[in-house]
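Peer 1: I'd like to ask some things about the structure below.
2 protein chains.
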Amino acid sequence: MNLKHSRQRDSIKAFLSTRKDHPTAEIVYTNVRQSFPNISLGTVYRNLTLLADLGEIARLRVGDGVDRFDYDTSPHYHFVCSECGRVMDLEMPLMEHLTEAAGKSFEGKIEGHVTYFYGHCNKCIQKII
Amino acid sequence: MNLKHSRQRDSIKAFLSTRKDHPTAEIVYTNVRQSFPNISLGTVYRNLTLLADLGEIARLRVGDGVDRFDYDTSPHYHFVCSECGRVMDLEMPLMEHLTEAAGKSFEGKIEGHVTYFYGHCNKCIQKII
DNA sequence: TTAAAATCAGTAATCGTTACTGTTTTATTA
DNA sequence: TAATAAAACAGTAACGATTACTGATTTTAA
């Protein structure tokens, strides 16, 4: 299966590159439709999955039942607002030692960890006040 | 809305208390059916959600699209086998400092974190060899 | 024992995602 | 440039986990 070029895939990737808010497939879909009015949701899903498998984008799961996608594939942590569901990047160093620490007391091979933080984002705190 | 006693709910909780492997709703369903052959899957879901909301059990999400449930509500970490999907408890101390570290560089309030580890469990390693 | 409310079983609906199908694009080779 | 094979497409159907609905049954308290 050789990869062929596709304008739809380009457009999906181009859109993702403009966003830092980790959009869902649905959001990618509604936005890419501005350039490709006939694009199908299935095409969006297929290409997001393909790009993620190729390592060109990252797939994010933060427990709300919806997959999100990130143009920034460098390892970093995320924050999820419990109020509005927004997902934001965190500027903090990677905790590689976590994986080691977990391995100490475990029979089997630990290869990595998934972590996200939750709480209330700035905007939601101000709304409540 | 006052809570009323229900034998089905008792049975669900009793089953969960016997298991350390974080069963899914489907697994709870097939097992509780041995005592309640007519119990409905909806009843299982409703009661699992209710018990989780009451804090009597914990709901677990490890990114495989299926909710799991844990009778042990004390905070602890989990391991997920990438091969067979098994979810196991990890005997390691809580990393409370993670939440602090994340808060340092973030405008908003961080209240906690979700972490799980992945890799290959003992059984799957032995199968491969 | 009765009556109101919670819970139930059974089933339909929802939602995110994946799979299918016949058509269109892309890339290659002539 | 034209012909061809394979990849990708649009549109739609199917899927799996979960939730919502409905009329019947249990529970609890009076």
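Residue numbers (this note's numbering), protein chains in the order written: chain F, 1 to 129; chain U, 130 to 258. For glycine and all other residues, C-beta sits at the position ideal for the given N, C-alpha and C. Owing to the predicted nature of the structure, the values given are computational and were not obtained by experimental measurement.
1. Opposite residue 87 of chain F in the DSSP bridges: which residues?
2. Taking 7 angstroms as the CB-CB limit, is residue 172 of chain U close to chain F?
3. What residue ranges within the region 136-182 of chain U form continuous alpha helix (DSSP H) runs of no fewer than 4 residues, ordered along the chain?
4. Going along the chain, which residues of its own chain have a beta-carbon closer than 6 angstroms to the beta-carbon of residue 209 of chain U, five neighbours each way excluded?
5. Just the Cα atoms here: how many angstroms apart are residue 214 of chain U and residue 249 of chain U?
6. How big is the Cα-Cα spacing for residue 17 of chain F and residue 89 of chain F?
7. Give the DSSP-derived three-state secondary structure of residue 4 of chain F in the structure shown.
8. Could you name the residues of the same chain whose beta carbon sits closer than 6 angstroms to that of residue 202 of chain U, not counting the 5 residues immediately before and after it, in chain order?
9. Quick one, which residues of the region 55-72 of chain F are near chain U if we go by CB-CB under 7 angstroms, in chain order?
10. Considering only the alpha carbon of each residue, which of F:10, F:60, F:50 lies closest to residue 20 of chain F?
11. Considering residue 240 of chain U, what are the terminal residues of the beta strand (DSSP E) in which it resides?
12. Can the beta-carbon of residue 143 of chain U be found closer than 7 angstroms to that of residue 173 of chain U?
13. Any residues in the region 145-164 of chain U with a beta carbon nearer than 9 angstroms to a beta carbon of chain F? Which ones, in chain order?
14. I'd like the span of the beta strand (DSSP E) that includes residue 189 of chain U, first residue to last.
15. Run through chain F and tell me which residues come within less than 9 angstroms of residue 249 of chain U, C-beta to C-beta.
16. Would you call the CB atoms of residue 107 of chain F and residue 251 of chain U closer than 7 angstroms?
17. For residue 173 of chain F, which residues does DSSP report across the bridge?
18. For residue 216 of chain U, return the contacting residues in chain F, with the cut-off set at a CB-CB distance below 8 angstroms.
19. Taking residue 52 of chain F as the reference, which of F:32, F:67, F:40 has the closest Cα?
20. Does any residue of chain U have a CB that is nearer than 7 angstroms to the CB of residue 3 of chain F?
Peer 2: So, from the data block:
1. Counted from its first residue, the first sequence places residue 87 of chain F at position 87. For residue 87 of chain F, DSSP records a beta bridge to F:80.
2. Locating residue 172 of chain U in the second sequence gives position 43, counting from the first residue. By this cut-off, residue 172 of chain U is not an interface position.
3. As far as the region 136-182 of chain U is concerned, its whole alpha helix (DSSP H) runs of at least 4 residues are 136-146, 154-161.
4. Here residue 209 of chain U refers to the residue found at position 80 of the second sequence. So the list reads 191, 216, 245, 247, once near-sequence residues are dropped.
5. Working through the second sequence from its first residue, we reach residue 214 of chain U at position 85. Working through the second sequence from its first residue, we reach residue 249 of chain U at position 120. Distance between the alpha carbons of residue 214 of chain U and residue 249 of chain U is about 9 angstroms.
6. Residue 17 of chain F sits at position 17 when you count from the first residue of the first sequence. Residue 89 of chain F sits at position 89 when you count from the first residue of the first sequence. Looking at the two C-alpha atoms, the distance is approximately 15 angstroms.
7. Within the first sequence, residue 4 of chain F is the residue found at index 4, counting from 1. Coil at residue 4 of chain F, not helix or strand.
8. Counting from one through the second sequence, the residue named residue 202 of chain U turns up at place 73. Correct list, in chain order: 187.
9. Taking 7 angstroms as the cut-off between beta carbons, the residues of the region 55-72 of chain F near chain U are 61, 63, in sequence order.
10. For this step, residue 20 of chain F is matched to residue 20 along the first sequence. Nearest C-alpha to residue 20 of chain F: F:60.
11. For this step, residue 240 of chain U is matched to residue 111 along the second sequence. Counting along the chain, the beta strand (DSSP E) containing residue 240 of chain U begins and ends at 237-250.
12. Taking the first residue of the second sequence as position 1, residue 143 of chain U is located at position 14. Taking the first residue of the second sequence as position 1, residue 173 of chain U is located at position 44. Going by C-beta atoms, residue 143 of chain U is not nearer than 7 angstroms to residue 173 of chain U.
13. Of all residues in the region 145-164 of chain U, none has a Cβ within less than 9 angstroms of some Cβ in chain F.
14. On the second sequence, position 60 is the one that residue 189 of chain U refers to. In the DSSP annotation of this structure, the continuous segment of the beta strand (DSSP E) that includes residue 189 of chain U starts and ends at 187-190.
15. Your numbering for residue 249 of chain U matches position 120 in the second sequence. Neighbours of residue 249 of chain U in chain F, taken as residues whose beta carbon is under 9 angstroms from its own, are 108, 109, 110, 111 in chain order.
16. The residue given as residue 107 of chain F occupies position 107 in the first sequence. The residue given as residue 251 of chain U occupies position 122 in the second sequence. For residue 107 of chain F and residue 251 of chain U, yes; Cβs fall inside 7 angstroms.
17. With chain F running from 1 to 129 in the structure shown, residue 173 of chain F is simply not present.
18. The sequence position of residue 216 of chain U within the second sequence is 87, counting from 1. In chain order: nothing, as chain F lies at least about 12 angstroms away.
19. Here the question's residue 52 of chain F lines up with position 52 in the first sequence. Cα-wise, what sits closest to residue 52 of chain F is F:67.
20. For the purposes of this step, residue 3 of chain F is taken as the residue at position 3 of the first sequence. No, its Cβ sits nowhere closer than 7 angstroms to a Cβ of chain U.
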